[in-house]
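Student: Line order of the protein sequences matches chains B and S. Going by my numbering, the first sequence opens with residue 1, and the numbers climb by one from there. Going by my numbering, the second sequence opens with residue 1001, and the numbers climb by one from there. For reference, the structure I am asking about is given below.
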Amino acid sequence: MASSIRGRGGIGPALPLLTPAYLWLAVAIFLPLSAMALFSFMTDLPMSGRDWSLTLEHYAAFFSSGLYVTLLWASVRLGLEVTLWCAVIGFPAAYVLARVLKGRAREAIFLLVILPFWSNGLVRIFSWAMVLREGGLLDTTLNAILPFRVNIDLMYSYPAVIIGLVHSYVPYMVLTCYLTLQAIDNALIEAARSLGASRLQTLRRVVLPLAMPGLLAGSVLIFVPVVGSFMEPRILGGRTGTFYGTVIEDQFVAVFNWPLGAALSFILLAVVLVILSLAAPILRRVR
Amino acid sequence: MFTTRLLEALGRVWIVLLLSFLYLPICIMALMSFNASPFYQLPFEWTTGWYADLSRNEQLLAATWNSIQIAVFTTVIATVLGTAASLALFRHEFRGKRLLQALLFPPIAIPWLITGTAMLIFFFGVGIGRGLHAILLGHVALALPYVIVVVSARLQTFAPELEEAARSLGASQWQVTTRVTLPWIMPGVIAGGLFAFAVSFDQFVVSYFLSTPGEATLPVEIYAAIRKGFTPEINAVSTIIIGISMGLMLVTARFFKFGGEK
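And the structure:
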């Protein structure tokens, strides 16, 4: 492929086309992240002539107060649970979409799955409140059907947060799994079956390993934003919805302790990067 | 044979259940925008009053207009910069190219909460400040990697020999790009642009940290309303937006067929 167009050598000829994009990323992503790193070691905002010095106290605050550690663990657990539910719900759907449905039906359902992306995430979260609260749709419907009285008030509870988040993120899992499942050669599955493998064995030994990149990609796309979520827990969780993300939000918009917020953000970033790097070797192995 | 049929039927049921789950809250929301009760009480009483209220709610309309403008500018800027960068990464081999490609992932793989707060700190520190210009700066950075990934994927299907042929026939670099390469990768460019628009229009977290009371986007305004006192006007504006965006999506999908088998 080494044609004369794809010149080898210096970055020179590529620069005019590359510079604008990477300059933009530098100003809006990489410099801010560096600034935040610096900021997390400061005693006070370095603005309007205030005195500041370098300190480790914000990181010390994280480790000395059990609260932050507990909340971080709660957020990681939330991320793992939501990711797991998305896989359990999304993978079979992706399988049916990729291997059972054909032609127009497949195209239509594929579109229907990704269409909610084009609606407002906040509003979708809020509409769950109308469904889940006492006297809401779920409550009313169940009581209309059931002969006995039940009280369903899931609003402001952990399950409500899970439902809202799974609803927001399950399309990612369907999409990424669909892409890998669609690429699996039918002959491989037929070969496994004709060699006497049961359906379950075929699924476990042939389909799942081949679909693993999609499952992992989906998991990363879901886990990362969920660990840092604060809007969904606030709206659907109420007082039970205090997570690591909501604490960071508070530091920036309510308490105005930006340096502590920066330190907490950085610890979250470190945790996310560690988890991503754990996933990376699996991704490479299955390839 | 029988079990195969049974499993396939079960699979279809599963898909229907998934779609019901996905569309339940959207339908409820649309329905409630026509319900008279401001507290979402049943029984249902038909009204279009919330739409009338919406047309008089200047704050909400201004926020909607802000969101549309930001999304359009983000789409244009991110698509142009992203397509240019994809072309450069496709045409040239150079040291450090893998690093540049790897640098596209942090904006996707870092929680928005962290990117948003980092932008707030930095923009505040260097005097860029907060407001619509800061939001635009942030949105383009979030959308760029998606555009580059999508356009690059499309470029994989492009034969570089075509560029070479055009060049040997005397086309200038500009002509090669606009007459040969761009037409071929256009579906990818459009898909990338749609991504950029969706990322921007629905983006809440980064906008939230970068907005000021007078300059908010629609999601930020909705979040404030949910926490202060939510009225069905929000359902009305959301229903209109979902209607328009789904219509646009369907039209685009019809013409460009992404998702289907090419």
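Glycine residues also receive a C-beta, built at the ideal position from the N, C-alpha and C atoms.
(1) Below 8 Å CB to CB, which residues in the same chain sit around B/V227 once its five sequence neighbours on both sides are set aside?
(2) If we ignore side chains and look at the alpha-carbon of each, how far apart do S/L1250 and S/A1143 end up?
(3) Below 8 Å between beta carbons: does that hold for S/T1079 and S/G1193?
(4) Do three or more CB pairs link the region 120 to 137 of chain B to the region 80 to 98 of chain B at distances below 8 Å?
(5) Are the beta-carbon atoms belonging to S/I1316 and B/N186 less than 8 Å from one another?
(6) Please determine if the region 253 to 260 of chain B and the region 211 to 228 of chain B are in contact, where contact requires at least 3 C-beta pairs separated by less than 8 Å.
(7) Rounded to the nearest angstrom, how far is the Cβ of S/I1190 from that of S/F1158, given a contact under 8 Å?
(8) So if I threshold CB-CB distances at 8 Å, which residues from the region 158 to 181 of chain B count as touching chain S?
(9) Bridge partners for B/M42 per DSSP, in chain order?
(10) Residues in the region 1117 to 1144 of chain S with C-beta within 7 Å of chain B's C-beta atoms, listed in sequence order?
(11) When the cut-off is 8 Å and only beta carbons count, does B/S4 lie next to chain S?
(12) Could you give the C-beta distance for S/L1132 and S/E1215, rounded to a whole number, given that I count them as a contact under 8 Å?
(13) Taking only runs that begin and end inside the region 1130 to 1186 of chain S, name each unbroken alpha helix (DSSP H) of 4 or more residues, in chain order.
(14) Note down, in chain order, each residue of its chain lying with its Cβ closer than 8 Å to the Cβ of B/I18, except the 5 sequence neighbours on either side.
(15) Among B/I275, B/L278, B/A263 and B/V274, which has the Cα closest to the Cα of B/A60?
(16) Could you have a look at S/E1215 and say whether DSSP puts it in helix, strand or coil?
(17) Which same chain residues end up closer than 8 Å to B/A279 when comparing Cβ atoms and leaving out the 5 residues on each side of it in sequence?
(18) Assuming S/A1118 and B/P225 form a contact by the criterion Cβ under 8 Å, report the distance between their Cβ atoms to the nearest whole angstrom.
(19) Rounded to a whole number of angstroms, what is the C-alpha to C-alpha distance between B/Y27 and S/A1084?
(20) Please work out which residues of its chain come closer than 8 Å, Cβ to Cβ, to S/T1231, disregarding the five sequence neighbours upstream and downstream, and give them in chain order.
(21) Among S/Y1146, S/T1177 and S/G1170, which has the Cα closest to the Cα of S/T1074?
(22) Quick check on B/N186: does DSSP put it in helix, strand or coil?
(23) Using a beta-carbon distance cut-off of less than 9 Å, what residues from the region 217 to 230 of chain B approach chain S?
(24) Does any CB atom of chain C fall closer than 8 Å to the CB of B/S277?
(25) For B/V170, which residues in the same chain have their Cβ closer than 6 Å to its Cβ, ignoring the five residues on either side in sequence?
(26) Counting only beta-carbon separations shorter than 8 Å, does B/F117 have a partner in chain S?
(27) Give me the Cα-Cα distance between S/R1098 and S/P1111, rounded to the nearest whole angstrom.
(28) What is the rounded straight-line gap between the Cα of S/W1065 and the Cα of B/L236?
(29) List the residues of chain S that B/P13 touches, going by C-beta distances under 7 Å, in chain order.
(30) Is the CB of S/G1082 under 8 Å away from at least one CB in chain B?
(31) Can you grab the Cα-Cα spacing for the pair B/H167 / B/A94, in whole Å?
(32) Could you tell me whether the Cβ of B/W85 comes closer than 8 Å to any Cβ of chain S?
(33) Using 8 Å as the limit for Cβ to Cβ distance, is S/T1157 near chain B?
(34) Give a yes or no on whether 8 Å exceeds the smallest Cβ distance from B/L215 to chain S.
(35) At which residues does the alpha helix (DSSP H) containing B/K102 begin and terminate?
(36) Count the other CB atoms within 10 Å of the CB of B/S64; is the residue buried (16 or more) or exposed (fewer)?
Tutor: Result, derived from the coordinates:
(1) On the first sequence, position 227 is the one that residue 227 of chain B refers to. Taking C-beta separations shorter than 8 Å and ignoring five residues to either side along the sequence, the partners of B/V227 in its chain run S75, V76, L78, G79, Y244, G245, L268, V271 and V272, following chain order.
(2) For the purposes of this step, residue 1250 of chain S is identified with residue 250 of the second sequence, where counting begins at 1. For the purposes of this step, residue 1143 of chain S is identified with residue 143 of the second sequence, where counting begins at 1. Rounded to whole angstroms, S/L1250 to S/A1143 spans 22 Å at the Cα level.
(3) Working through the second sequence from its first residue, we reach residue 1079 of chain S at position 79. Working through the second sequence from its first residue, we reach residue 1193 of chain S at position 193. Cβ distance < 8 Å, so S/T1079 and S/G1193 count as in contact.
(4) In short, these stretches do not touch, since the Cβ pair count stays below three.
(5) The shown model of chain S, from 1001 to 1262, leaves out residue 1316 of chain S, and the question about it has no answer.
(6) Two segments are said to touch when three or more pairs of C-beta atoms, one from each, lie closer than 8 Å; by this definition the region 253 to 260 of chain B does not touch the region 211 to 228 of chain B.
(7) Residue numbering aside, residue 1190 of chain S sits at position 190 when the second sequence is read from its first letter. Residue numbering aside, residue 1158 of chain S sits at position 158 when the second sequence is read from its first letter. With a Cβ gap of about 15 Å, S/I1190 and S/F1158 do not count as contacting.
(8) Within the region 158 to 181 of chain B, the residues whose Cβ lies closer than 8 Å to any Cβ of chain S are, in chain order, H167, V170, P171 and V174.
(9) Position 42 of the first sequence holds residue 42 of chain B. B/M42 pairs with B/L54.
(10) T1117, A1118, M1119, L1120, I1121, F1122, G1125, L1137, G1138, V1140, A1141 and L1144
(11) Within the first sequence, the letter at position 4 stands for residue 4 of chain B. In this predicted model, B/S4 has a pLDDT of only 43, less than 50, meaning its place in the structure is not dependable enough to derive any value.
(12) Taking the second sequence and counting its residues from 1, the one referred to as residue 1132 of chain S is at position 132. Taking the second sequence and counting its residues from 1, the one referred to as residue 1215 of chain S is at position 215. Contact flag correct, Cβ pair sits at about 5 Å.
(13) 1132 to 1155 and 1160 to 1168
(14) As a first step, residue 18 of chain B must be located in the first sequence, where it is residue number 18. Going by the sequence as given, residue 18 of chain B is Leu instead of Ile. Answer for B/L18: I11, listed in chain order.
(15) On the first sequence, position 60 is the one that residue 60 of chain B refers to. Comparing Cα-Cα distances from B/A60 to each of B/I275, B/L278, B/A263 and B/V274, the minimum goes to B/A263.
(16) Within the second sequence, numbered from 1, the residue matching residue 1215 of chain S stands at position 215. In this structure, S/E1215 counts as strand in the three-state DSSP scheme.
(17) Numbered from 1 along the first sequence, position 279 holds the residue referred to as residue 279 of chain B. L216, S219 and V220, listed in sequence order.
(18) The residue you call residue 1118 of chain S lines up with position 118 of the second sequence. The residue you call residue 225 of chain B lines up with position 225 of the first sequence. Actually they do not touch by this definition, with Cβ atoms about 15 Å apart.
(19) The sequence position of residue 27 of chain B within the first sequence is 27, counting from 1. The sequence position of residue 1084 of chain S within the second sequence is 84, counting from 1. The sequence shown places Val at residue 27 of chain B, rather than the Tyr named in the question. In a straight line, the C-alpha of B/V27 is about 18 Å away from that of S/A1084.
(20) Within the second sequence, residue 1231 of chain S is the residue found at index 231, counting from 1. Counting only Cβ-Cβ distances below 8 Å, and skipping sequence neighbours, we find P1038, W1050, D1053 and A1225.
(21) Position 74 of the second sequence, counting from 1, holds the residue named residue 1074 of chain S. For S/T1074, the nearest C-alpha among the options comes from S/Y1146.
(22) As a first step, residue 186 of chain B must be located in the first sequence, where it is residue number 186. Here B/N186 sits in helix by DSSP.
(23) Those would be V220, L221, V224, P225, V226, V227, G228, S229 and F230, in chain order.
(24) Included in the structure are the protein chains B and S, with no chain C among them.
(25) Looking up residue 170 of chain B in the first sequence gives position 170. If you ignore the 5 residues before and after B/V170, its C-beta comes within less than 6 Å of the C-beta of C86, I89 and G90, all in its own chain and listed in chain order.
(26) On the first sequence, residue 117 of chain B is found 117 positions in, with the first residue counted as 1. Yes, B/F117 counts as interfacial toward chain S.
(27) Taking the first residue of the second sequence as position 1, residue 1098 of chain S is located at position 98. Taking the first residue of the second sequence as position 1, residue 1111 of chain S is located at position 111. C-alpha separation (whole angstroms): 23 Å.
(28) Along the second sequence, one-based indexing puts residue 1065 of chain S at 65. Along the first sequence, one-based indexing puts residue 236 of chain B at 236. Cα to Cα, S/W1065 sits roughly 28 Å from B/L236.
(29) Your numbering for residue 13 of chain B matches position 13 in the first sequence. H1092, listed in chain order.
(30) In the second sequence, residue 1082 of chain S corresponds to position 82, counting from 1. Yes, because at least one Cβ of chain B sits closer than 8 Å to the Cβ of S/G1082.
(31) The sequence position of residue 167 of chain B within the first sequence is 167, counting from 1. The sequence position of residue 94 of chain B within the first sequence is 94, counting from 1. Straight across, the Cα-Cα distance linking B/H167 with B/A94 is about 15 Å.
(32) One-based indexing of the first sequence puts residue 85 of chain B at position 85. With 8 Å as the cut-off, B/W85 does not count as an interface residue toward chain S.
(33) One-based indexing of the second sequence puts residue 1157 of chain S at position 157. With 8 Å as the cut-off, S/T1157 does not count as an interface residue toward chain B.
(34) Position 215 of the first sequence, counted from the first residue, corresponds to residue 215 of chain B. Interface annotation, B/L215: not in contact with chain S, CB-CB separation never under 8 Å.
(35) Within the first sequence, residue 102 of chain B is the residue found at index 102, counting from 1. Unbroken run through B/K102: none, as it is neither H nor E.
(36) One-based indexing of the first sequence puts residue 64 of chain B at position 64. When all chains shown are included, B/S64 counts as exposed.
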